[in-house]
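Right, one structure below, let's go through it.
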Amino acid sequence: MEQLDVLAIGAHPDDVEMSCGGTLIKLVREGWRVGIVDCTRGELGSRGTVAVRAQEAAAAAALIGAVVRENLELPDGRIEVTLEAITALVRLFRLYRPQILLFPPPFERHPDHEQVHRLVRAAYFHSGLAKLVTQGPDGQPQEPYRPRLLFCYMQAYEFEPSFYVDISDVYADKVRAVQAHASQVYVPGVSPQDGPETVLSRPEFWDMLEVRARYFGMRIGVRYAEAFLALTPLGLPTLAVWLERRSA
Ligand SMILES: [Zn+2]
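Here it is, written out as C-alpha cells:
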C-alpha cells in the first residue's frame, strides 16, 4: 500500500470539499499524495440517498485528485468516540502513514463535526502506541505510526486562524468538486427539485462559500484562501519563506 502525504478526514461525504478542497487540489497539483476519509455515509442528510452520495463522493475525489477515499460507515448524526471507531481510524493512519492530518475544529455547530475532532485526536495518539496492536488489510500486524502535523479546517463556526492557504488558482476547481455533490448543493439543471430545502441547497450557498474564501484571501493579499487552526506548534526554518527576491 502506497503512503499518503496528507489525509483529510470529514464527518460527512461533502465536508472536506467545502472546507479544504482548494488546499487538497493544490497539494495534488504539486505532486503530493492526498487521501480522504469520510466517517459516515451521510444517511441522515435531508437530501440525497446513501448510493447517490457515494457516487458524488467518488466523483469529487476524482476531481480533487485524491488517490484514496475511504468511508468508516459510522452512524450519521450519532458519531461517538468508541474504541471500535478509534481503532478503525488507527488502522488507516498506520496503513497510509500521512504526515499531515486535516480534520474538523473542536467547536462546531454539527455535533458530528466535534465528535470527529475528538475521534481523530484519540486515533492520532493511539496510533503511535507500540503496544496497541492492529492488523492491516493483509492480516499482518501494523507498525505504530503518528502523523506529524494536526490542522483543523473551518466549517460553520469561525475561529481565529493560525494560517491561511492561497487557493486563488484552484478556486474554480474547488467549486467543481463541491458541485459534484449535486444532491446536497444547488447546481442549476442538475440538482433534484424535490426534497426539503437546506442551507446548502439554496443558490445563496455559493455566495457564502465565495465570500468567506474572498475574505480570507483579502487578509493575506490574494484572491481566495482557506483558513486553518494549527494544533501542532508551527516553526519556520527561516523568515525567508516570506521574502521575495528583488533586483538591487
Ligand atoms: Zn458535516
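Residue numbers are given in numbering that gives the first Met the number 0: position 244 of the sequence shown equals residue 243, and the series is strictly consecutive. Glycine included, each C-beta is placed from N, C-alpha and C at the ideal position.
Relative to the C-alpha of ARG222, which residue among PRO191, ALA171, ASP37 is closest? Shortest Cα-Cα distance from ARG222 to any of PRO191, ALA171, ASP37 involves ALA171.
Sequence-distant residues of its chain with Cβ nearer than 6 Å to ILE99 (five each side left out): The answer, listed in chain order, is VAL5, LEU148.
Does PRO110 come out as helix, strand or coil in the three-state DSSP assignment? Helix, per DSSP.
To which residues of the same chain is PRO202 closer than 7 Å at the C-beta, ignoring the five residues directly before and after it? Correct list, in chain order: TYR185.
Whole angstroms is fine: what's the gap from ALA10's alpha carbon to GLU42's? Approximately 11 Å, taken between the alpha carbons.
On the DSSP bridge assignment, give the partners of TYR253 in chain order. This structure does not reach residue 253, given that the chain is present from 0 up to 247, and the question cannot be answered.
Near GLU225, which residues of its chain fall below 6 Å by C-beta distance, leaving aside the five closest residues on each side in sequence? For GLU225, the CB contacts under 6 Å within the same chain, skipping 5 residues up- and downstream, are CYS19, GLY21, THR22, VAL164, ILE166 in chain order.
In whole angstroms, what is the alpha-carbon distance linking PHE162 and ALA87? Going by C-alpha positions, PHE162 is about 30 Å away from ALA87.
Cutoff 8 Å; reference ASP14; Cβ partners in own chain excluding five residues on either side: Cβ within range, chain order: ASP37, PRO103, HIS112, GLN154.
Would you call LYS25 buried or exposed, if buried means 16 or more other Cβ atoms sit within 10 Å of its Cβ? With at least 16 other beta carbons inside 10 angstroms of its own, LYS25 counts as buried.
The alpha helix (DSSP H) enclosing ALA59, as first and last residue numbers: DSSP places ALA59 in the uninterrupted alpha helix (DSSP H) bounded by 49-63.
In whole angstroms, give me the CA-to-CA distance for GLN134 and ILE85. Rounded to the nearest angstrom, the two C-alpha atoms are 14 Å apart.
Determine the direct distance from the alpha carbon of LEU235 to that of TRP241, and round the result to whole angstroms. In a straight line, the C-alpha of TRP241 is about 10 Å away from that of LEU235.
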